[in-house]
Each structure stands twice: as C-alpha cells, then as structure tokens.
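K.L.:
In the numbering used here, the protein residues as written are 1 to 354. Note that beta-carbon positions come from the ideal geometry of N, C-alpha and C, so glycine has one too. Given the structure is predicted, the values throughout are model-derived calculations rather than measurements. Following this message is one structure expressed as structure tokens.
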Ligand SMILES: Cc1ncc(COP(=O)(O)O)c(C=O)c1O
C-alpha cells in the first residue's frame, strides 16, 4: 500500500509491500496455484512432498515437515520431543510472542530469560541462572534474521528447539533437535497464507510431527495420538516452492539495503550485524523513537513494543528482572528492508538517516 506524506505528495516509503511481490512474480505464482487446482489434490499431496524434499536439500537437514504455521512448528516440535505439563522451557524475554505462546500450547511453562544488549538473543549466562530441576528445553530465537550462537545453550544439557521464523537462509546445519520456521507472508520466505516447517535430523521426531499434524493418523480413521490439524495446503506448498528458488537473491537484496543504511548512518545504534544475517527486519535503537521516526520519509515499525515480562498475558511468568529485554522494547525501531524496495527509496532513506 502506498501512502502519501505531506503536501509535497512524495510517497511515503512502505515498511512492506507484498503487492510488489505479486507484480514481480504473479505469473509464476498463478501458474503454481492453477496447477494445484487442476490436480484435484488440495491437501497432503505432491506439492507438499516436493516442498519438503526441496527444503530438506536446501537446509541440509534429513527431514523437513510442512505444518500449518510457525507457531505450530514450535508446538509440534515441543510435543514430539515429549515436553509438556510440569516442564519448564527457557525463552528469550524479547521475542515475537508466538515463541512463548507455543510453549504454553504444548502444556509446558515458559521461563523468560534476559537477552544480550547488542544482539537481542537469549543470554546464555542468564539462561544458566534460570535453570531449575524442571528445565527441559530452551528455544533460542534468531531474532530479526541474525543467527544467534546456540553452542553455549547446548552446553546447558537441555533440548534445543530453535525458533528460526525470521531467519531463512541465515543458519548453518547444526545439532539442535529441531529448527522451526514460519512462512507468514512477510517472512524472508513467505507464502500466501499461514504455513511453517520443522527441520530435523531425527527420524523419530519427524515421524511424530507428521502424525501430530494430521489428527494422529497414519492409517485413515485410526488415531494413534490425541493430536491436531496442522496441515499445510497444497496451494501454500506450491507457492513456497516458487519463493524458495528466489530466496538467495531476496536475502542478498536485503543485505545490500541494510548495508547501505548502516554505511549512510554509522552514528546510529544498529542491531549487531553478522556475516550470515538475513535482515528479516532492519532494526536500530533510539531513545527518542517517535520523534526519530517522524523525521523519516518512511513507514516504520516497532518489533516489539513490550518484552515478554511486560505483556499483560505473560508478565506473571517473570522470575528474574529482564532489563535488557525491556530496554530493547523501549528503543527498537524497524526500517523498511524488503527485496522489492526501489533504489530511489533506499537513497531517500539513506539521506534522511545520515
Ligand atoms: C520469532 C517468531 N516466532 C514464531 C512466529 C510464529 O509464526 P506464525 O505467525 O507463522 O505462527 C513468528 C511470526 O510471527 C516469529 O516472528
């Protein structure tokens, strides 16, 4: 959506514009959708099977399982790992709330842990301090598309389920039990509806997630588990297959844009960079967020305005103070950074930032 700023009539630079994605790839996407409709198989068919094979090859994990959303990818990973009532799961105190909601949905208790001041990733020292004899797992989040270091968390002896909803293409193959991701439309790899996936090398975990996503059935109407419906549609899978082929170029474009902002305004407090950062969100920190944003010729975002420890539905979970998470929430500001941003829009924003 284009909005217009001021009397000059200069269009405000959008924070995201999915219509541009369709303008660029519409024919490919519409062909994929039509192929599914003509096939007469709209769920659990050849497209999902092909997507899962392509995602596994792309990620290096032996198994990729498509599910209904990124939230479900986390919930089903936790459930398949045997995590539930009575278990505690460490989560960063600064994240998209679905990370935390997923732990609750699995029946376990999320324990918010403070984050690093530069990276906004869960702080391994605070994580160690939060461990009790009920702690079973940790869900590190690769926030904004920056890969966080999971090795110190693995050293805690917990099950590690990574939340890579914002980090398509940022991660190297690792040895966590599972990596969960989201294909929400604005993600680096986004669909045309909800979707998610779990990556794992563990065949038993993959099998369990396949069972849980389809009412616990291996055989029609024989329910081996009390489960749920979290099937990815064939249309979604076909559209994601189109996107997967473009993902490396899209990520490169995001990197170029983020690099340009940072080079134009090195004086600003940018979210820590990383060689594999895929800049799902390009974020800086400023104590005068509203005044700063008003001066820009762009729509901006706040990801996220409250830490988990400040959220009305979740603040009762707080065990320890999380001042760094709350400082991120108070100061973060997201700039437009999506592949279809025009060069002249990037130029205008660079000039305003410098
Ligand atoms: C870090 C993080 N985790 C989990 C999710 C949940 O994904 P979904 O919206 O596909 O359920 C999101 C997406 O909003 C996210 O950004």
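#1: Would you report the Cα separation of residue 136 and residue 78, rounded to the nearest angstrom?
#2: Using the three-state DSSP reduction, which class does residue 345 fall into: helix, strand or coil?
#3: Could you check whether the segment 123-138 touches the segment 62-71, counting it as contact only if at least three pairs of C-beta atoms, one from each stretch, sit closer than 8 Å?
#4: Please report how far the alpha carbon of residue 58 lies from the alpha carbon of residue 278, in whole angstroms.
#5: Taking 7 Å as the cut-off, is the beta-carbon of residue 194 closer than that to any non-hydrogen atom of ligand 1?
#6: Do you know how far the Cα of residue 326 is from the Cα of residue 302?
#7: Taking 7 Å as the cut-off, does the CB of residue 99 come closer than this to any heavy atom belonging to ligand 1?
#8: For residue 73 and residue 197, I'd like the C-alpha separation in whole angstroms.
#9: Between residue 32 and residue 240, what straight-line distance do the alpha-carbon atoms span, to the nearest angstrom?
#10: Which residue from 314, 351, 242 puts its Cα closest to that of residue 27?
#11: What residues match up with residue 182 in a beta bridge as DSSP calls it?
#12: DSSP beta-bridge partners for residue 104?
#13: Under 8 Å, do residue 116 and residue 324 count as touching if we go by C-beta distance?
#14: Please tell me whether residue 307 and residue 47 are closer than 8 Å, where the distance is taken between their beta carbons.
#15: Whole angstroms is fine: what's the gap from residue 4's alpha carbon to residue 99's?
#16: Tell me whether the beta-carbon of residue 334 lies closer than 8 Å to the beta-carbon of residue 322.
#17: Determine the direct distance from the alpha carbon of residue 11 to that of residue 294, and round the result to whole angstroms.
#18: Report back the beta-carbon spacing between residue 111 and residue 90 to the nearest angstrom; my notes put them in contact at under 8 Å.
#19: If you check the beta carbons only, do residue 247 and residue 189 fall under 8 Å apart?
#20: Are the CB atoms of residue 108 and residue 145 within a distance shorter than 8 Å?
#21: Measuring straight from C-alpha to C-alpha, what distance separates residue 287 and residue 128?
#22: Quick check on the DSSP output: the alpha helix (DSSP H) that includes residue 128 runs from which residue to which?
#23: For residue 42 versus residue 233, is the C-beta distance shorter than 8 Å?
#24: Alpha carbon to alpha carbon, how far is residue 225 from residue 15? Give it in angstroms, no decimals.
#25: Residue 2: buried (16+ other C-beta within 10 angstroms of its C-beta) or exposed?
#26: Pick helix, strand or coil for residue 77, following the three-state DSSP scheme.
#27: Using DSSP with H/G/I as helix, E/B as strand and the rest coil, what is residue 250?
P.N.:
Checking against the coordinates, here is how it stands:
#1: Numbered from 1 along the chain shown, position 136 holds the residue referred to as residue 136. Numbered from 1 along the chain shown, position 78 holds the residue referred to as residue 78. Residue 136 and residue 78: Cα-Cα distance of roughly 10 Å.
#2: For the purposes of this step, residue 345 is identified with residue 345 of the chain shown, where counting begins at 1. Assigned with DSSP and collapsed to three states, residue 345 falls in helix.
#3: No, because fewer than three Cβ pairs between the segment 123-138 and the segment 62-71 fall closer than 8 Å, the two stretches do not touch.
#4: Working through the chain shown from its first residue, we reach residue 58 at position 58. Working through the chain shown from its first residue, we reach residue 278 at position 278. Rounded to whole angstroms, the separation of the alpha carbons of residue 278 and residue 58 is 16 Å.
#5: Here residue 194 corresponds to residue number 194 of the chain shown, with the count starting at 1. Yes, since a heavy atom of ligand 1 falls inside the 7 Å radius drawn around the Cβ of residue 194.
#6: As a working note, residue 302 is residue 302 in the chain shown. As a working note, residue 326 is residue 326 in the chain shown. So the two alpha carbons sit approximately 13 Å from each other.
#7: Position 99 of the chain shown, counting from 1, holds the residue named residue 99. Result yes, Cβ under 7 Å from ligand 1.
#8: In the chain shown, residue 73 corresponds to position 73, counting from 1. In the chain shown, residue 197 corresponds to position 197, counting from 1. Rounded to the nearest whole angstrom, the C-alpha separation of residue 73 and residue 197 is 6 Å.
#9: Reading the chain shown from its first residue, position 32 is the one you call residue 32. Reading the chain shown from its first residue, position 240 is the one you call residue 240. Whole-angstrom Cα-Cα distance: 10 Å.
#10: The residue you call residue 27 lines up with position 27 of the chain shown. Of all alpha-carbon atoms in 314, 351, 242, the one lying nearest the alpha-carbon of residue 27 is that of 242.
#11: Position 182 of the chain shown, counted from the start, is the residue given in the question as residue 182. Residue 182 is bridged to 196.
#12: Start at 1 with the first residue of the chain shown, and residue 104 comes out as number 104. Answer is none; residue 104 lacks a bridge partner.
#13: By 1-based counting over the chain shown, the position of residue 116 is 116. By 1-based counting over the chain shown, the position of residue 324 is 324. Residue 116 places its beta carbon less than 8 Å from that of residue 324.
#14: The residue labelled residue 307 in the question sits at position 307 within the chain shown. The residue labelled residue 47 in the question sits at position 47 within the chain shown. Annotated as distal: residue 307 and residue 47, with beta-carbon spacing of 8 Å or more.
#15: Against the chain shown, residue 4 aligns to sequence position 4. Against the chain shown, residue 99 aligns to sequence position 99. Because residue 4 carries a pLDDT of 43, less than 50, the predicted location of this residue cannot be relied on, and no value is offered for it.
#16: The residue you call residue 334 lines up with position 334 of the chain shown. The residue you call residue 322 lines up with position 322 of the chain shown. No, these two residues do not count as a Cβ contact at 8 Å.
#17: As a working mapping, residue 294 is identified with position 294 in the chain shown. As a working mapping, residue 11 is identified with position 11 in the chain shown. So the two alpha carbons sit approximately 15 Å from each other.
#18: Within the chain shown, numbered from 1, the residue matching residue 111 stands at position 111. Within the chain shown, numbered from 1, the residue matching residue 90 stands at position 90. That belief holds up - the Cβ atoms of residue 111 and residue 90 are roughly 5 Å apart, short of 8 Å.
#19: Against the chain shown, residue 247 aligns to sequence position 247. Against the chain shown, residue 189 aligns to sequence position 189. The answer is yes: Cβ separation under 8 Å.
#20: Here residue 145 is taken as the residue at index 145 of the chain shown, counted from 1. Here residue 108 is taken as the residue at index 108 of the chain shown, counted from 1. Not in contact: residue 145 and residue 108 (Cβ atoms no closer than 8 Å).
#21: Taking the chain shown and counting its residues from 1, one reaches residue 287 at position 287. Taking the chain shown and counting its residues from 1, one reaches residue 128 at position 128. The straight-line gap from Cα to Cα measures roughly 30 Å.
#22: Taking the chain shown and counting its residues from 1, the one referred to as residue 128 is at position 128. Boundaries of the alpha helix (DSSP H) around residue 128: 124-130.
#23: Position 42 of the chain shown, counted from the start, is the residue given in the question as residue 42. Position 233 of the chain shown, counted from the start, is the residue given in the question as residue 233. Taking 8 Å as the Cβ cut-off, residue 42 and residue 233 qualify as a contacting pair.
#24: Working through the chain shown from its first residue, we reach residue 15 at position 15. Working through the chain shown from its first residue, we reach residue 225 at position 225. Cα-Cα distance, rounded: 43 Å.
#25: Taking the first residue of the chain shown as position 1, residue 2 is located at position 2. Note that residue 2 scores 38 on pLDDT, short of 50, meaning its location in the model is unreliable and no value can be drawn from it.
#26: For the purposes of this step, residue 77 is identified with residue 77 of the chain shown, where counting begins at 1. In this structure, residue 77 counts as helix in the three-state DSSP scheme.
#27: Locating residue 250 in the chain shown gives position 250, where the first residue counts as 1. Looking at residue 250 - three-state DSSP - the assignment turns out to be helix.
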